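Visitor: Using the UniProt record's numbering, the letters of the first sequence map in sequence onto residues 1 to 349.
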Amino acid sequence: MQTNSTTMILKEIVTPLLRWYHSHARILPWRENPNPYFVWISEIMLQQTRVEAVKPYFDRFISALPTVESLAEVPENELLKLWEGLGYYNRARNLQKSAQEIVINHDGKLPANYKKLLSLPGIGPYTAGAIASIAYQIPVPAVDGNVLRVITRLLASRDDIMKEKTRKKIESYLAQVIPANEAGNFNQSLMELGATVCLPKGAAKCYSCPLKQICLSFAEDCISEIPVKTPKKTKRIESYTMLRLQYENKIALQKRPSTGLLASLWELPHLDNHMGQAQIIHYLQEKNYKVKNITPLPPSKHIFTHIEWHMIGYYIELEQIPAKSNYHWISPQNLIDDYAIPTAFKGYL
DNA sequence: AATACGGGGTA
DNA sequence: TACCCAGTATT
Numbered sequence: 001m002q003t004n005s006t007t008m009i010l011k012e013i014v015t016p017l018l019r020w021y022h023s024h025a026r027i028l029p030w031r032e033n034p035n036p037y038f039v040w041i042s043e044i045m046l047q048q049t050r051v052e053a054v055k056p057y058f059d060r061f062i063s064a065l066p067t068v069e070s071l072a073e074v075p076e077n078e079l080l081k082l083w084e085g086l087g088y089y090n091r092a093r094n095l096q097k098s099a100q101e102i103v104i105n106h107d108g109k110l111p112a113n114y115k116k117l118l119s120l121p122g123i124g125p126y127t128a129g130a131i132a133s134i135a136y137q138i139p140v141p142a143v144d145g146n147v148l149r150v151i152t153r154l155l156a157s158r159d160d161i162m163k164e165k166t167r168k169k170i171e172s173y174l175a176q177v178i179p180a181n182e183a184g185n186f187n188q189s190l191m192e193l194g195a196t197v198c199l200p201k202g203a204a205k206c207y208s209c210p211l212k213q214i215c216l217s218f219a220e221d222c223i224s225e226i227p228v229k230t231p232k233k234t235k236r237i238e239s240y241t242m243l244r245l246q247y248e249n250k251i252a253l254q255k256r257p258s259t260g261l262l263a264s265l266w267e268l269p270h271l272d273n274h275m276g277q278a279q280i281i282h283y284l285q286e287k288n289y290k291v292k293n294i295t296p297l298p299p300s301k302h303i304f305t306h307i308e309w310h311m312i313g314y315y316i317e318l319e320q321i322p323a324k325s326n327y328h329w330i331s332p333q334n335l336i337d338d339y340a341i342p343t344a345f346k347g348y349l
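#1: Rounded to whole angstroms, what is the Cα-Cα separation between tyrosine 289 and glutamate 319?
#2: Does asparagine 185 come out as helix, strand or coil in the three-state DSSP assignment?
#3: Throw me the rounded Cβ distance for the serine 239 and asparagine 273 pair, which I believe falls under 8 Å.
#4: Starting from residue 351, trace the beta strand (DSSP E) in both directions and tell me its first and last residue.
#5: What is the C-beta distance between tyrosine 88 and glutamine 48, in whole angstroms, given that I count them as a contact (C-beta under 8 Å)?
#6: For glutamine 246 versus proline 269, is the C-beta spacing smaller than 8 Å?
#7: The beta strand (DSSP E) spanning alanine 252 covers which residue range?
#8: To which residues of the same chain is lysine 229 closer than 8 Å at the C-beta, ignoring the five residues directly before and after it?
#9: Can you list, in chain order, the residues of its chain whose CB lies under 6 Å from that of tyrosine 136, leaving out five sequence neighbours each side?
#10: So which of Pro16, Ala156 and Ala142 has the shortest CA-CA distance to serine 5?
#11: How many angstroms separate the CA atom of valine 74 from the CA atom of phenylalanine 38?
#12: Roughly how far, in whole angstroms, is the beta-carbon of leucine 265 from the beta-carbon of proline 342, given that I think they are within contact range, below 8 Å?
#13: Based on Cα-Cα distance, which residue from Phe218, Asn35 and Arg244 lies nearest to leucine 284?
#14: So isoleucine 226 packs on threonine 152, CB below 8 Å; how close in whole Å?
#15: Quick check: arginine 149 and cysteine 198, are their CB atoms within less than 8 Å of each other?
#16: Based on Cα-Cα distance, which residue from Lys97, Lys169 and Phe218 lies nearest to leucine 154?
#17: Could you tell me the alpha carbon to alpha carbon distance between proline 16 and glycine 124, rounded to whole angstroms?
#18: Can you look up isoleucine 50 in the DSSP assignment and give me helix, strand or coil?
#19: From tyrosine 315 to isoleucine 294, what distance separates their C-alpha atoms?
#20: Under 8 Å, with one C-beta from each stretch per pair, do the region 127-135 and the region 182-190 reach the 3-pair mark?
#21: Does aspartate 107 pass the burial test, meaning 16 or more other C-beta atoms within 10 Å, or should it be called exposed?
#22: DSSP three-state call for tyrosine 242: helix, strand or coil?
#23: Within its chain, find whatever has a CB closer than 7 Å to the CB of tryptophan 30; leave out the 5 residues flanking it on each side and keep chain order.
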């Protein structure tokens, strides 16, 4: 073990951070009973997702699926319905794959082992560290965006936090100072500080930071310059015309492909580009749908991480549909109960 | 190493 | 707008 200046600084934060966390930890649903299953579910939900967004999903999810076994067995449509609107839907499917593996290979319990956790689908270095430390008190780091920001600022490091190398370096530093009996509290205290005090984009509340005496960026007055992040590339724009098709009080839906964006979720029928009423009527007539009434719906925009959807839409009442319609015709109540529909389409439902 | 993968909150 | 969020999997 090395004891360079970096490690010495990090050793100094342990006690003040734990003391601060003891009195400032937010009360969160998944902290009430931090059993491995609840910790796991919460950590998956929290990937790239804010605490406030997760809260209602977490409570509903663990009520519906309180055990690893129940998650392993739930039908996919029910699972996706529980995840509807939360985004990154592969998280839900990977959760179930892992649950099935855990039932088969680990006696239905999350393994108390960092590498075994890491091998499960949907669990990467951060989540493996979070579960290991929070649920099992195993002294391994859990480095998320908060921790990257807190530590680079603490050290006044200009390392690019988008690079894996930076994360690994910080993990190796932290591994040397994690207190043996409070691994979970220590990791959570770093994240909590990042989430509530050491805020991004010039919003840091250094005046109330328990580490301001130690923080090199605070001393050098360069908080606003750290962390360094490589800029992300611009989004592409895609245009669609959404069809809100109505026939005998039922709505047309179709299932999205099993791979790619919003895989396997349900969607409204739609055409590429922005089409006029005449083009839509022509398109439907060719497929033997007879239009009774068509009215334009207001444009809407949905922004993904890497794509922007620019949508227009039409509300269309049909008086006849072909014997073999490619669409699924769903009653409104059935749609609410059983069909997971991404937020992007909600503007036209 | 770069890109795909949601959705919402904030300055 | 642009950035950011208790990141991971795939290419």
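Glycine is no exception: its CB is placed at the ideal position from the N, C-alpha and C atoms. Being a predicted model, the structure only gives us computed values, none of them experimental.
Guide: Looking at the atomic coordinates:
#1: 8 Å
#2: helix
#3: 5 Å
#4: Residue 351 cannot be examined here, being either before or after the span of the chain that is shown, 1 to 349.
#5: 7 Å
#6: no
#7: 250-255
#8: Asp160, Ile161 and Met162
#9: Ala112
#10: If we check each option's Cα against that of serine 5, Ala156 comes out closest.
#11: 17 Å
#12: 5 Å
#13: Arg244
#14: Indeed, because the Cβ distance is near 5 Å, the residues count as touching under 8 Å.
#15: yes
#16: It is Phe218 whose Cα lies nearest to the Cα of leucine 154.
#17: 29 Å
#18: Reading the sequence as shown, one finds arginine at residue 50 and not isoleucine. It is coil, neither helix nor strand.
#19: Tyrosine 315 and isoleucine 294: Cα-Cα distance of roughly 6 Å.
#20: yes
#21: exposed
#22: Before going further, note that residue 242 is methionine rather than tyrosine in the sequence given. Taken through DSSP and simplified to helix, strand or coil, methionine 242 comes out as strand.
#23: Phe38, Val39, Ser42 and Phe58
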